[in-house]
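Below is one structure; the comments refer to it alone.
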Amino acid sequence: MASADPDGTARDPLARACPDRTDGPESLLEKRMRRSIKNTLTATVGLGAAAALSATALTWTGSDVTENSALTSAEAAEPGELVWSDEFDGAAGDAPDPAYWNHETGDHGWGNEELQNYTESRENSALDGDGNLVITARQESDGSYTSARMTTQNNIEHSYGRIEARIHLPSGQGIWPAFWMLGSDFPDTPWPDSGEIDIMEFIGSDVGTVHGTVHGPGYSAGDGVGAAYDHPDGGDFSDDFHVFAIDWEPGSLTWSVDGVPFNTITPDDVDGDWVFDQDYFMILNVAVGGQWPGYPDESTEFPQEMKVDYVRVYDQS
Ligand SMILES: [Ca+2]
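As numbered in the numbering used here, residues 1422 to 1738 make up the sequence shown, in order.
As structure tokens, this is what we get:
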């Protein structure tokens, strides 16, 4: 586990969201959006997984043919063999399987001035008996916040293929759930050189949008490279379960939501070394507060639950 640095400030990968302390959430979002504009998918409402497999008909704005081709080739393949999954079957109140999941604990802000104390308590992470892992962010009686952050480091580490999770997101001002990955050489190789792939981040006050981003040497924190994806019906991503995935090949990462691809990143898109040809481990967490999402206010309801139906890893086909 990545616990050698108890105060977390030196190596914390979640520092990705605070490039400089003068950068407010809006300007950071603008920065991310600016980088994402060229790959923004427009108005392909109702495109399901099957249609996504023939992605040649997608409509893009401001993109060129080369990028369309890259997307098509990345999405044209069926995922390969299922090589690992956690379906979170088990009795209500059970711990997530310790053969797969580590808990990272602490209340040091995690590099982003976050408020929560991550715990190993079943109050913050447990199976629900209906096939889901539930990570619960709580406000305790003393006003403090608790939640959970779980990783597969040293247990499940993988490269390439499809990495996906089916998640019912929490929401609210200051609520910041994520499904993401770090290079398995972390922390021996410090972040951001170790690399980070954010399959899904969600700012709980902005329920119509999810974000997919990479960070590496020369393109980390607010200079991470990625795209935002808006709910195709103008709806709320916390309304129900959604499937968040990357399709990952040597030299290419494609993000999708519910089978709809919305961004592809290749070495040409990053201003530094491509650090995505190595094994990565997975992370699930719900942060409370931080420089990007801002902080809970009187509108924020607790507890907030992130329900995860499954996490699945497929080899390349
Ligand atoms: Ca399940």
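Built from N, CA and C at the ideal position, the CB exists for glycine as well.
Note that the coordinates shown come from a computational prediction; the quantities given were computed from them, not determined experimentally.
Rounded C-alpha distance that separates residue i from residue j
i     : j     : result
R1456 : I1624 : Because R1456 carries a pLDDT of 39, less than 50, the predicted location of this residue cannot be relied on, and the following value inherits that uncertainty. When rounded, the distance between both Cα atoms is 18 Å.
L1503 : Q1737 : 9 Å
E1722 : G1593 : 7 Å
L1418 : D1563 : Here the chain has residues from 1422 to 1738 only, and residue 1418 is not among them.
D1609 : D1690 : 26 Å
Q1712 : D1528 : 15 Å
T1526 : A1558 : 13 Å
V1681 : P1500 : 14 Å
A1642 : W1612 : 10 Å
Y1508 : A1520 : It is Glu, not Tyr, that sits at residue 1508 in the sequence shown. Their Cα atoms are separated by approximately 14 Å.
D1679 : Y1650 : 11 Å
I1458 : M1571 : Its pLDDT being 35, under 50, I1458 is placed unreliably in this model, and the value from its coordinates should be taken loosely. Rounded to whole angstroms, I1458 to M1571 spans 32 Å at the Cα level.
F1683 : G1656 : 17 Å
T1687 : S1659 : 30 Å
G1532 : G1672 : 29 Å
D1515 : S1546 : 9 Å
R1587 : D1694 : 31 Å
P1517 : W1669 : 26 Å
G1550 : L1705 : 19 Å
V1635 : W1522 : 23 Å
W1676 : D1692 : 19 Å
D1654 : S1720 : 25 Å
L1603 : G1530 : 18 Å
Y1716 : E1561 : 16 Å
Test item: CB-CB of residue i and residue j under 8 Å
i     : j     : result
N1538 : Y1581 : no
H1652 : G1637 : no
T1573 : M1703 : yes
E1535 : V1709 : yes
E1622 : R1733 : no
F1662 : H1579 : no
P1714 : G1595 : yes
V1707 : P1591 : yes
W1597 : I1620 : no
V1696 : D1614 : yes
S1506 : Y1701 : no
A1513 : L1548 : yes
Y1735 : R1583 : yes
M1727 : I1577 : no
Spatially closest choice to residue i from the options, by CA coordinates
i     : options                       : result
D1606 : H1529, A1558, S1546 and D1698 : D1698
G1511 : D1679, I1667, N1553 and N1545 : N1553
P1724 : A1569, F1509, S1506 and E1670 : A1569
G1647 : I1704, R1587 and V1631        : V1631
S1626 : D1718, F1509 and E1726        : D1718
I1667 : V1555, T1685 and S1720        : T1685
Y1640 : S1677, W1531 and E1617        : E1617
H1524 : G1550, N1575 and Q1560        : N1575
Any C-beta of chain B under 8 Å from that of residue i
i     : result
D1644 : Structure shown: chain B not included; a single protein chain is present.
Could you please go through the chain and list the residues whose beta-carbon is closer than 7 Å to any non-hydrogen atom of ligand 1?
One residue after another in chain order, those with a Cβ under 7 Å from a heavy atom of ligand 1 are E1508, F1509, D1510, G1552, N1553, D1730 and Y1731.
Of all the beta strand (DSSP E) runs that stay within the bounds of the region 1589-1677, which reach a length of 3 or more residues?
For the region 1589-1677, the full-length beta strand (DSSP E) segments reaching 3 residues or more read 1596-1604, 1617-1622, 1630-1636, 1646-1651 and 1663-1670 along the chain.
Whole beta strand (DSSP E) elements within the region 1666-1736, 3-residue minimum:
Uninterrupted beta strand (DSSP E) stretches at least 3 residues long and entirely within the region 1666-1736 occur at 1673-1678, 1681-1686, 1701-1709 and 1725-1735, given in chain order.
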